[in-house]
Amino acid sequence: MDKHFDPTTIEAKWYQTWENAGYFSPNTDSDKAPYCIMIPPPNVTGSLHMGHAFQDTIMDTLIRLNRMQGKPTLWQPGTDHAGIATQMVVERQLAAKGLSRHDLGRDKFIDEIWKWKAESGGTITQQLRRLGASPDWSRERFTMDDGLSNAVKEVFVRLYEEGLIYRGKRLVNWDPVLHTAVSDLEVISEEEQGNMWHLRYPLTNGNGHLVVATTRPETMLGDQAVAVHPEDERYQHLIGQTITLPLVGREIPIIADDYVDPAFGTGCVKITPAHDFNDYEMGKRHNLPMLNVFTQDAAINEEAPEKYLGLDRYEARKQIVADLEALGLMEKIEPHKLMVPRGDRTHAVIEPMLTDQWYVAVQELAKPAIDAVKNGDIEFVPKNWENTYFEWMNNIQDWCISRQIWWGHRIPAWYDDQGGVYVGRDEAEVRAKHNLGDRPLHQDDDVLDTWFSSALWTFSTLGWPEQTPELEKFHPTSVLVTGFDIIFFWVARMIMMTLKFTGQVPFKQVYVHGLVRDAEGQKMSKSKGNVLDPIDLIDGIDLESLVNKRTYGMMQPEKAAKIEKDTRKQFADGIPAFGTDAMRFTFASLASTGRDIRFDLNRCEGYRNFCNKLWNATRYVLMNTQGFDTGVDESQPIELSLADRWIVSRLQTLETEVVRHFEQYRFDMAANLLYEFTWNEYCDWYLELAKPILNKDSSDAAKRGTRQTLVRVLETLLRLLHPVMPYITEEAWQSVAPLAGKQGDTIMLQLYPEADDSKIDSTAEAELDWVKQFIMGVRRIRSEMDIAPGKPLPVLLSKVSAQDQAWLDNNRLFLMTLAKLESIEVLANETDAPESAMSLVGEMNILIPMAGLIDKDAELARLDKEISKLKAEFERLNAKLSNESFVARAPEEVVAKERDKLADIQSALTNLEQQHDKITAL
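Going by the numbering used here, the sequence shown opens with residue 21, and the numbers climb by one from there.
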């Protein structure tokens, strides 16, 4: 092995080896229960972000673990065609050439998208490879491939024939730039500063007026009623009367509805059923007309007075407000903060729009899906997410599945000139089924919502509607790993569709993970300039490149300047290369069930150091075992030292606990145990305890036993770590495995370690724990008294029990060597002890005589100086935090850091003062 660990030299080599060898494919010869995960298909337009990297690290850990446990293991990869996003990418490319999709026509435009996918659509799958993800790439699917497209048509036709898909006019989220309906997931609502306009609506009978408050005065052109609460005494006498709608002249009724909040505004609400979701529901309750006054561009249409025809909605707003003021019908205008819905891609304000769309009637599908979770066929982890699922499913609304774009699964419906609608798998089937002969037919121009094909993901990717061997073997799948934000849009719909068409649940468990946030707990976003790129963490990136990635040309100059300043301050030296294993281990260490994680680069650096520690430990073991007898030939005598028996015993507990935590999705706990065992127990203790055996005049059997233990424990540890850290473990295993008597081409197909209870040795653990306490007690005295680490020390012992004496006799070599002692003497009488520093091991006293070891006066003077310095800093920080103005005005994270500093100083002061007291007492 090379002297230094360099991830870049091993990652590409091993990934290519694994993929070329077909190691990611399921082991079909195994008779164990299969294990399967379907990757949440990333958008074909996408690139790897921190959420992907976190989620895919979790999935790959589970896949590698179960593969090593000998199960037929399938991680099914694939990408989503991402209708709107992909169409926008290609349309932008055409616009750069001065063309639009309409210039090409539908078929040629679709051809251009397929060309783009062939050239640029594989970015994220290549980045997943960089992450070490091990799905079966030979089975990669795409939601627009032939097989999945056939499955989509099959589901649509069957649901239509059962009356569960229908076409109707409903209110939808309309993007006036894309000219299509969009899902709630594609709408981002953020608080913005606006106004509240208070309008006077004259009573038709001439006896005054009502004042209604609105944030969108332009929609008044489509008003169909004014609503009040039925128990509002101010307006009860007006219920049933009418007002004359200003600027329009239409009489509309005053109605009563419990939805109205009497305390909001004036208690009178204008009702525009075609342009507000709440008004739409009220309009249905009261049978109000649905009048749409906007075009697809959100301009005023011919349903409004001619004066406003063609005006953009915001131009119309200005004109309407001016006209109302001229007529004396504007009561007042107040500043008002409101939530504004914007399209996540266009940033255009979304307009509720009454349009003809295709819908799935989901109530009938929802009941079995609810029951599947209630009866335990599907388990949410953490369990509290079941409540979120039930809340939505119990109040589920019909699903709008049509989109007014060209890229996607075109709706398999055809129309004739007489208005007939015919649904089938293709036009030939439609003509034959309905005896249409050569009657002219036109296929629906709309495509299906991408979530429709995604809802079929677990079974369509395995070959449905054909009853394939893969479908038989791997469905239902084992677990879905997903974020909480798509429980409604994807998880629930998969459960409904899969139960409907296979009679099975799609997965047995849903592991819901949190969001990846920055170190301060803020959501990562381009607008905040706090986005981290996983590939940058793997490869490293210099400061200038990072600044250029974070400051965008379309961003406001002031915001870009702030992001640049913050980036330069935080990443003065850029981001170093951490390598894939360190990043993956960081994700695992933070993955507690259901909680958002704060990704801190300091932790990433710490786990890069962990990789170096493991690498150096492996090199040390190899240097001390290669070319020597490591006990592979078990006919030779083996003698295991206390340290050997202890580390083997501790390893059994580790094996049990790591598997248990992985099975409970506590990746953080598993990672912590692996880290602690590797760094502290194996590297810091066992390797040191092994040195006296290997370097002193021990027997051949003892040396053989220690070398055997060194390599076998390390080989086992590499297998335990492999699911989280695949690259470094593979590289190290190749050298270690032969010494441990292991055969095979790759660690990833070795069996995952299982504990052997017969190797648990509680006696050895208790004795070695005594040894460790003894050594740490001596080291603590060295540290407190500032004694040089290498200076041999005489040790006196008092209050020595029979057990202490036995363990002392057994382990004198360990104690003398690791504690660097000159001598160990048991005092016959405690009163014979000279002036000494003391440490305890149970009831036994460890005494180190101070005569000649330290200059008492000089050491006290040094401590006085340090204590004085810390006290001054403590008083400065304490005064700062006692300043109410500072605490109120400073950012929360700044105040928190200052408080942490103060706590650290207080702790240091306490330690120094205790040390001062001990030396004074000598």
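C-beta atoms are modelled at their ideal positions from N, C-alpha and C, and glycine is treated no differently. Source: prediction; values computed, not measured.
Rounded C-beta distance between Met544 and Leu557? I'm assuming under 8 Å. Residue mapping note: residue 544 aligns to position 524 of the sequence shown, counting from 1. Residue mapping note: residue 557 aligns to position 537 of the sequence shown, counting from 1. The beta-carbon distance between Met544 and Leu557, rounded to whole angstroms, is 13 Å. This is too long to meet the 8 Å contact definition.
Do the segment 680 to 691 and the segment 790 to 807 touch if we need at least three Cβ pairs shorter than 8 Å? Verdict: no, contact absent.
Buried versus exposed call for Ala611 [16 or more other C-beta atoms within 10 Å across all chains shown]: Numbered from 1 along the sequence shown, position 591 holds the residue referred to as residue 611. By the neighbour-count rule (16 or more Cβ atoms within 10 Å), Ala611 is buried.
Does the segment 890 to 900 come within contact of the segment 860 to 870, defined as at least 3 CB pairs closer than 8 Å? No, they do not touch.
Three-way DSSP call (helix, strand, coil) for Gly797 in this model: Reading the sequence shown from its first residue, position 777 is the one you call residue 797. DSSP, reduced to helix, strand and coil, places Gly797 within a helical segment of the structure shown.
CB of Phe834 within 9 Å of CB of Leu709, strictly: By one-based count along the sequence shown, residue 834 stands at place 814. By one-based count along the sequence shown, residue 709 stands at place 689. The answer is yes: Cβ separation under 9 Å.
Over what stretch of residues does the alpha helix (DSSP H) that includes Gly626 continue unbroken? Along the sequence shown, one-based indexing puts residue 626 at 606. According to the DSSP assignment, Gly626 belongs to the alpha helix (DSSP H) that extends over Leu621 to Thr645.
Could you check if Leu771 is buried or exposed, using at least 16 other CB atoms within 10 Å of its CB as the buried criterion? On the sequence shown, residue 771 is found 751 positions in, with the first residue counted as 1. Looking at its Cβ environment, which holds fewer than 16 other Cβ atoms inside 10 Å, Leu771 is exposed.
Burial state of Ile133 (16 or more Cβ within 10 Å): Locating residue 133 in the sequence shown gives position 113, where the first residue counts as 1. Counting of Cβ neighbours within 10 angstroms places Ile133 among the buried residues, the total reaching 16 or more.
Check this for me: beta carbons of Asp616 and Leu535, under 9 Å apart or not? Taking the first residue of the sequence shown as position 1, residue 616 is located at position 596. Taking the first residue of the sequence shown as position 1, residue 535 is located at position 515. Yes, they are a contact pair.
Quick check for students: name the residue ranges of the beta strand (DSSP E) that lie wholly in the segment 170 to 252, counting only runs of 3 or more. Entirely contained in the segment 170 to 252, the beta strand (DSSP E) runs reaching 3 residues are, in chain order, 185 to 195, 200 to 202, 207 to 222, 229 to 234 and 245 to 248.
Tell me, please, which residues DSSP counts as bridged to Leu353. Along the sequence shown, read from residue 1 onward, the residue named residue 353 stands at position 333. For the record, residue 353 in the displayed sequence is Ile; it is not Leu. Looking at the DSSP assignment, Ile353 forms a beta bridge with Trp217.
Compare the C-alpha of Leu671 against each of Ala721, Glu659, Val731 and Leu219 and name the closest. In the sequence shown, the residue the question calls residue 671 occupies position 651. The candidate whose alpha carbon is nearest that of Leu671 is Val731.
Anyone know if the C-beta pair for Thr522 and Phe494 falls short of 9 Å? Here residue 522 is taken as the residue at index 502 of the sequence shown, counted from 1. Here residue 494 is taken as the residue at index 474 of the sequence shown, counted from 1. Thr522 is not a Cβ neighbour of Phe494, given a cutoff of 9 Å.
Bounding residues of the alpha helix (DSSP H) (the contiguous stretch that carries Ile78): One-based indexing of the sequence shown puts residue 78 at position 58. Unbroken alpha helix (DSSP H) run through Ile78: Met70 to Met88.
Rounded straight-line distance, which links the Cα of Gly183 to that of Leu151: Counting from one through the sequence shown, the residue named residue 151 turns up at place 131. Counting from one through the sequence shown, the residue named residue 183 turns up at place 163. Roughly 45 Å between the two C-alpha positions.
Where the beta strand (DSSP E) containing Tyr379 begins and where it ends: As a position in the sequence shown, residue 379 is number 359, starting the count at 1. Tyr379 -> beta strand (DSSP E) spans Glu371 to Val380.
Nearest CA to the CA of Lys921: which residue from Ile939, Leu897, Asn931 and Ala910? The residue given as residue 921 occupies position 901 in the sequence shown. Put simply, of Ile939, Leu897, Asn931 and Ala910 the residue whose alpha carbon is nearest the alpha carbon of Lys921 is Leu897.
Which residue comes first and which comes last in the alpha helix (DSSP H) that contains Glu904? What you label residue 904 is simply residue 884 of the sequence shown in a count that begins at 1. Where Glu904 is concerned, the enclosing alpha helix (DSSP H) stretches over Glu904 to Arg909.
Using a Cβ cut-off of 9 Å (strictly closer), state whether Pro60 contacts chain C. No chain C is present in this structure, which holds just one protein chain.
Note the first and the last residue of the continuous beta strand (DSSP E) segment covering Val441. Here the question's residue 441 lines up with position 421 in the sequence shown. Per DSSP, Val441 is one residue of the beta strand (DSSP E) stretching across Val441 to Val443.
Per DSSP, cross-strand counterpart(s) of Met58: Taking the sequence shown and counting its residues from 1, the one referred to as residue 58 is at position 38. In the DSSP output, where bridge partners are listed per residue, Met58 has Gln96.
May I ask you to list the residues that DSSP assigns as paired with Cys420? Translated into the one-based positions of the sequence shown, residue 420 becomes position 400. According to DSSP, which records beta bridges pairwise, Cys420 is partnered with Tyr379.
Rounded C-alpha distance that separates Pro355 from Cys624: Working through the sequence shown from its first residue, we reach residue 355 at position 335. Working through the sequence shown from its first residue, we reach residue 624 at position 604. If you take the alpha carbons of Pro355 and Cys624, they lie about 46 Å apart.
Which class does Val110 belong to by DSSP, given the choice of helix, strand or coil? If you number the sequence shown from 1, residue 110 lands on position 90. Under the three-state reduction of DSSP output, Val110 falls in the helix class.
Measuring only from the beta carbon, is Ile767 closer than 8 Å to any heavy atom that is part of the ligand MG? The model depicted lacks the ligand MG and carries no ligand whatsoever.
In whole angstroms, what separates the C-alpha of Ala760 from that of Gln728? As a working mapping, residue 760 is identified with position 740 in the sequence shown. As a working mapping, residue 728 is identified with position 708 in the sequence shown. For Ala760 and Gln728, the distance between alpha carbons rounds to 7 Å.
Cβ-based burial, Gly242 [other Cβ within 10 Å; buried from 16]: By 1-based counting over the sequence shown, the position of residue 242 is 222. Label assigned to Gly242: buried.
Does DSSP classify Glu449 as helix, strand or coil? Here residue 449 refers to the residue found at position 429 of the sequence shown. Glu449 falls in the helix class under three-state DSSP.
Three-state class that DSSP yields for Lys528 in the structure shown: For the purposes of this step, residue 528 is taken as residue 508 along the sequence shown, with counting starting at 1. For Lys528, the three-state secondary structure derived from DSSP is strand.
Lys137: buried (16+ other C-beta within 10 angstroms of its C-beta) or exposed? Sequence index remark: in the sequence shown, residue 137 carries index 117 (1-based). With at least 16 other beta carbons inside 10 angstroms of its own, Lys137 counts as buried.
Could you spell out where the beta strand (DSSP E) holding Trp434 opens and where it closes? Looking up residue 434 in the sequence shown gives position 414. Run containing Trp434: Ala433 to Tyr435, per the beta strand (DSSP E) assignment.
Could you pull the start and end residues of the alpha helix (DSSP H) that Asn568 belongs to? Within the sequence shown, residue 568 is the residue found at index 548, counting from 1. Counted as a single uninterrupted DSSP element, the alpha helix (DSSP H) harbouring Asn568 occupies residues Leu563 to Arg570.
Which residues DSSP lists as bridging Gly503, in chain order: For the purposes of this step, residue 503 is taken as residue 483 along the sequence shown, with counting starting at 1. Here Gly503 is bridged, per DSSP, to His533.
Here's the rule: buried if 16 or more other CB atoms are within 10 angstroms of the residue's CB, otherwise exposed. What is Gly98? As a working note, residue 98 is residue 78 in the sequence shown. Buried, since its Cβ has 16 or more Cβ neighbours within 10 Å.
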